[in-house]
Structures are given as C-alpha cells and as structure tokens.
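See structure below.
Number of protein chains: 2
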Amino acid sequence: MATIETILSPAQFHLYEEGIENKNVVVIDILRATTTICIAFENGVSEMIPVASPEEANALHERGYLAAAERHGETVSGFELGNSPQDYTAARVLNKRIAITTTNGTRALKLATNARRVFVGSFLNISALADILIRENKDVVLFCAGWKDKFNLEDTIYAGALAEALLVSMTPEGDATLAALDLYAMAQADLSGYLQKASHVHRFKTLHVESDLDVCLKRDISTKIPVFSKGVINLLLNEGAHI
Amino acid sequence: MATIETILSPAQFHLYEEGIENKNVVVIDILRATTTICIAFENGVSEMIPVASPEEANALHERGYLAAAERHGETVSGFELGNSPQDYTAARVLNKRIAITTTNGTRALKLATNARRVFVGSFLNISALADILIRENKDVVLFCAGWKDKFNLEDTIYAGALAEALLVSMTPEGDATLAALDLYAMAQADLSGYLQKASHVHRFKTLHVESDLDVCLKRDISTKIPVFSKGVINLLLNEGAHI
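Protein sequence lines, in the order shown, are assigned to chains A and B. When you line the first sequence up against numbering that gives the first Met the number 0, it's residues 0 to 242, in that order. When you line the second sequence up against numbering that gives the first Met the number 0, it's residues 0 to 242, in that order.
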C-alpha cells in the first residue's frame, strides 16, 4: 500500500530525501504561495517560474515575465504582483508568464525538485489533486512550507485534509501524518474559525489582508493541477504523456 | 506575560536558540529517556551524566559510574542498564552515579545546554515542574526530543499537557504550542489509548517493552525536578541557591 508521509517544516526536509525520486511530493503553502499559484492557473496563467530572490524575478521581467515578489507577508516595493491570490485575476494573468518569489513557498518547491513529481497543493484544487495522487498510486509526501522553517497550523491542517482524502487507498506513515489528520479532524467543521489563532492569521490582520484567508480556504473551485518540473510550474495536463 | 514556545524536533532547535540564555527549557523524551531520568532520581540516584556515545559511558564506568546505553530502542549489548524506566529501581540506583546515552534524549539535553535552566520533563513530575516554571515566571521552551530528528506524538502530547498547566500565568507563542495543546486536548481522556497509533509504541511492541508505556504515562508520582547543568543532571534542590 502506498504511504502518506508529512514533513512539518523545510528544516526537516533532508530527513525525507532518501528515495524521494520515487515519491510524489505535494508542496503546501496555504497562506499563500501555493494557493496563489492555483488561482493563477485557474485564471489562465501560461507558466510560472519560482525564483529565490526579487532580483531574479526582475531579471525575468526584462524577458517579458510579470514579476511577483513577497517578503514577510508584504509585496516587495516596486513589484506589480505580491503573494495575494486576489491579485491574480484573469484580467491580469491570462496567457501571461509570471516569475514569483515568496518567503516560504518558492523555497519549498525548489527543495522538492528531485521528487518523482512535485504538485502544488491548496484547498482550491484539493479533490482533483487527491484523485490524481490516488490514480498514480505512488508514495506521497505532504511537504508543509511552514513559516521561516517553523511549523505552522494552516499547512498542517491542509496536510491532514489531503491525507484524509488519500486514506481510501493509502496508509499514513509516521507520527506527523497522524498529527495532521487529528488536527484537521478538530478544525474541519470551521477551518476559518479554527485558524483565527494561527500566527500567520495574526500577521494577516497586521498587514490588513484578512480577506485573503477566506479565499485560501475555498474548497474545490479548481480542477487544475500545477506541477513543478525543471524549474517551471505548468499544468499537469501539459505533461499528460508522463503519467 | 511569559511565553510558552514548543520545538517539535531537534532539527528545529537552531530556530529557537536566540535569547535562550534567558529562557527555561524543558527537554522532553517521554519514551523514554526523560521519564527514565525522573524515575532514577525518584529512586535516589545521586547524579546522571548524559553522554553522546556508549564509549563515553564506558569510560565513566571505569571511574565508578553505572553505565547505561540505548540505541534504536534497545539496550546496547554489554551494558548493565538501558533506557527502560523499569530498570531503574532503588535497589539498583540508590546513591549511585550513572552515565547514560540514548538515541534522542541525551542529544536534546546537550543542544539545550545554553538555556537559563534545562529541566528534565516527564508525566511523572509534570505538576511539580509546572509549579516551578510558574514560580520562576520566565519564558519557557518545551523541547521535544522526537525520534531521530522527526516529530513524534508522545513528546508533543506531553508538551501540550505541560503547556496547559502553564496557561494559568503564561501565553502560548507560535503555532507549535497551539498544535500541542490541541493534540493533548484530543488525547488526554485516554493517553495510552491515543498513543497506540504512535510509531514509537509500534516500535515498543516489536521490542517487547510495551509495559514501559504505562509507566511512562503515570502522572505525578514524583515531585523531584532533575536539571541539567554543566554536563551533569542533578536535582533542582541541590541548586536552590540559583533560584
């Protein structure tokens, strides 16, 4: 039976690296990078390149990309896009290519690069993502981007939600997945209410972006599955031949 | 208000090191190192020295210490004591000095060495420990030893139990403490039943040491508080002048 492991923070990624080339990794940065990427693809972006620094995003801007940069929760001064999913409307992103750098999410994508396949997970596409993971039937690693290498609640809750959907044909491996499942069980009746206590939601209030929270918790508004491969995020459909 | 932070694994310790000299750290390795240390002090051991390797334990054995060594859950061949709290009876440890090396716990103690004070926590002395932490009224860091740098349920549940006792005069800081509190709330009605799913309890069954689990979950059978200072674990009472 395929297994479901959970990595609670990038500081633990190295403990799970062995054999990762045979595993499907889901990168999780619910507030907000991976949610924002899912929204962008739902709204028709043609490709996204996660980069390590605002400077790299600017370099791609000169080659025709929209440049998006977020640090510490805020849009970096001078950039047209930040990390708010509400910025990524069809009017702004349809058929565009975007270079994006964020505090946690882009780094996690790069760490996971040697995995069999690197999926971009969010509540927006959770059921479609669960379906494809079940269909592929490979060991799954749920990789929480966290906050500056620390544990966070929202990514863990999502790992629990996705793990629960996978239990139909996979088995949890390790205590982190069990904890994620239990925390999700506790939170699921009212995710937004549960997450009011999370550190990053307090950060949202300080930054006046509270309305992003509800956007990030919307379930199944997209069936599009972004995957990260060879430095670029594209839709899985574009790679159908690999399945 | 003093804060309660939680470190879910030694792989994250470095993220919490800044300012640790002003914080009280509780090292947590419920199955079994910190439980075993608490039992040993309850049964009259005079001091314990955590060492990194069986070789170091042997070197101290030649200087009159009892030598205890555990790796991967088992007593290292040739050692008189392992990591089972049931080995540490008064008949064996009263007025003795012990050198001990374990898979996770001794390493966590050494990592925490620069803290204001390093307490050895277990369910056995949880209320006495909560009392002293509240009395000292310094920021507290609950440091889970985990399993080979991975997250584990039993240490996190204990962190939640101790955090709950501290809430009377302290405030949780960071999502890891919130998660620990919630997992403990879920587990507390039947800790042993809840932990049956934990990876390390499965390991116990393989090693035929299941009876250790109930010993490790006994609450408040000791009021003794072991502290680690300058490489040695002693009772806090012996250091009263430092309070």
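Yeah, the Cβ is synthetic: ideal placement off N, Cα and C, and Gly gets one too.
Sequence-distant residues of its chain with Cβ nearer than 8 angstroms to VAL226/B (five each side left out): Excluding sequence neighbours, VAL226/B sits near ARG116, VAL117, PHE118, VAL119, ILE232, ASN233, LEU234, LEU235 and GLU238.
- prompt: How would you list, in chain order, the residues of chain A whose beta-carbon sits under 9 angstroms from the beta-carbon of THR155/B?
  reply: By Cβ distance, chain A contributes ASP174 and ALA178.
- request: Could you list which residues in chain B have their beta carbon closer than 7 angstroms to that of MET185/A, in chain order?
  value: Close to MET185/A, with beta-carbon spacing below 7 angstroms, are these residues of chain B in chain order: ASP181 and MET185.
Extent of the continuous alpha helix (DSSP H) to which SER210/A belongs: Where SER210/A is concerned, the enclosing alpha helix (DSSP H) starts and stops at 210 to 215.
Option in HIS13/B, ASN23/B, ALA68/B and THR33/B with minimal Cα separation from ARG134/B: It is ASN23/B.
query: Does the beta carbon of SER191/A come closer than 8 angstroms to any beta carbon on chain B?
result: For SER191/A, the answer is no, since every Cβ of chain B falls outside 8 angstroms of its Cβ.
message: Quick check: ALA246/B and ALA98/B, are their CB atoms within less than 8 angstroms of each other?
response: Residue 246/B falls outside the range modelled here, since chain B spans only 0 to 242, and no answer is possible.
- prompt: Should ALA240/B be flagged as near chain A, meaning a C-beta pair shorter than 8 angstroms?
  reply: Since pLDDT at ALA240/B reaches only 40, below the 50 mark, its modelled position is unreliable, and the value read off the structure follows with that caveat. Not closer than 8 angstroms to any Cβ of chain A, the Cβ of ALA240/B fails to qualify, so no.
task: Keeping to the same chain, check which residues put their C-beta closer than 7 angstroms to that of THR155/A; ignore five residues upstream and five downstream.
output: Only LEU7, CYS143, ALA179 and LEU182 meet the Cβ criterion.
- prompt: Using the C-alpha atoms, what's the distance from ASN151/A back to ILE242/A?
  reply: With a pLDDT of 40 at ILE242/A, under the threshold of 50, the modelled position of this residue cannot be trusted; read the value that follows with caution. C-alpha separation (whole angstroms): 32 angstroms.
message: Nearest by alpha-carbon distance to ASP148/A: which of MET0/A, PHE12/A and LEU194/A is it?
response: Taking only the C-alpha atoms, the option nearest ASP148/A is PHE12/A.
- prompt: Quick one: what's got a C-beta closer than 8 angstroms to ALA240/B's C-beta in the same chain, skipping five residues either side?
  reply: At ALA240/B, the pLDDT of 40 sits below 50, so the modelled position is not reliable and the matter cannot be decided from this model.
- prompt: Which residues bound the alpha helix (DSSP H) around LYS105/A?
  reply: Per the sequence shown, the amino acid found at residue 105/A is Thr instead of Lys. Taken as a continuous stretch (DSSP letters only), the alpha helix (DSSP H) holding THR105/A covers 104 to 110.
For ASN82/B: DSSP bridge partner residues: Bridge partners of ASN82/B: none, in fact.
- request: Would you mind giving the Cβ-Cβ distance between GLY173/B and SER126/A, rounded to the nearest angstrom? I have them listed as a contact below 8 angstroms.
  value: Your pair GLY173/B and SER126/A does not check out as a contact, with CB atoms roughly 31 angstroms apart and the cut at 8 angstroms.
message: Tell me the DSSP secondary structure of PHE122/B in three-state form.
response: In the three-state DSSP reduction, PHE122/B falls in the helix class (H, G or I).
Nearest-angstrom Cα separation, counted from MET47/A out to ALA1/A: Straight-line Cα distance between these residues: approximately 30 angstroms.
task: Answer yes or no: does any C-beta atom of chain B fall closer than 8 angstroms to that of GLN245/A?
output: Residue 245/A is absent from the structure shown; chain A starts at 0 and stops at 242.
Helix, strand or coil at ARG202/B [DSSP, three-state]: Note: ARG202/B maps to helix in three-state DSSP.
query: Which stretch, first to last residue, makes up the beta strand (DSSP E) that contains GLU46/A?
result: Looking at the DSSP string, the run of the beta strand (DSSP E) that includes GLU46/A is 46 to 49.
- request: Go ahead and pull the three-state DSSP assignment for LYS196/A.
  value: Assignment of LYS196/A by DSSP, reduced to helix, strand and coil, places it in the helix class.
message: If you reduce the DSSP assignment to three classes, tell me which class VAL24/B lands in.
response: Note: VAL24/B maps to strand in three-state DSSP.
task: List the residues of chain B whose Cβ lies closer than 8 angstroms to the Cβ of GLU197/A, in chain order.
output: Just to set this straight, residue 197/A is Ala in the shown sequence, not Glu. Near ALA197/A (Cβ distances below 8 angstroms), the residues of chain B are ASP174 and LEU177.
query: When burial is assigned at 16 or more other CB atoms within 10 Å of the CB, is LYS229/A buried or exposed?
result: Exposed, by the Cβ-count rule.
Option in VAL26/A, ILE19/A, ALA58/A and LEU123/A with minimal Cα separation from ARG218/A: Measuring from the Cα of ARG218/A, the nearest candidate turns out to be LEU123/A.
- request: Give the DSSP-derived three-state secondary structure of MET0/B in the structure shown.
  value: In the three-state reduction of the DSSP assignment, MET0/B falls in the coil class.
field: Under 7 angstroms (Cβ pairs) to chain A, residues found in the stretch 193 to 222 of chain B
entry: Answer set for the stretch 193 to 222 of chain B: LYS196, ALA197 and SER198.
- request: Could you tell me whether the Cβ of ASN103/B comes closer than 8 angstroms to any Cβ of chain A?
  value: Taking a beta-carbon distance threshold of 8 angstroms, ASN103/B does not count as an interface residue toward chain A.
message: Whole angstroms are fine: how far does the CA of THR34/B sit from the CA of ILE205/B?
response: Residue 205/B is actually Thr in this sequence, not Ile. Rounded to the nearest angstrom, the two C-alpha atoms are 20 angstroms apart.
task: Please go through the same chain and pick out, in chain order, the residues whose beta-carbon is closer than 7 angstroms to the beta-carbon of GLU163/A, but skip the five residues on each side of it.
output: Excluding residues up to 5 positions away in sequence, LEU180 and TYR183 lie with their Cβ nearer than 7 angstroms to the Cβ of GLU163/A in the same chain.
- prompt: In this structure, does DSSP put ALA114/A in helix, strand or coil?
  reply: In the structure shown, ALA114/A falls within a coil segment according to DSSP collapsed to helix, strand and coil.
- request: Would you grab the beta carbon distance between VAL214/B and LEU128/B for me? Rounded to a whole angstrom, and I think it's under 8 angstroms.
  value: At roughly 18 angstroms, the Cβ-Cβ gap does not stay under 8 angstroms, so VAL214/B and LEU128/B are not in contact.
- request: Name, please, each residue of chain A whose Cβ falls closer than 9 angstroms to the Cβ of PHE122/B.
  value: Result: empty, since nearest Cβ-Cβ is about 18 angstroms, beyond 9 angstroms.
message: Closest to LEU216/A by C-alpha separation, out of LEU190/A, ALA58/A and HIS207/A, would be which residue?
response: Minimum Cα distance to LEU216/A is reached at LEU190/A.
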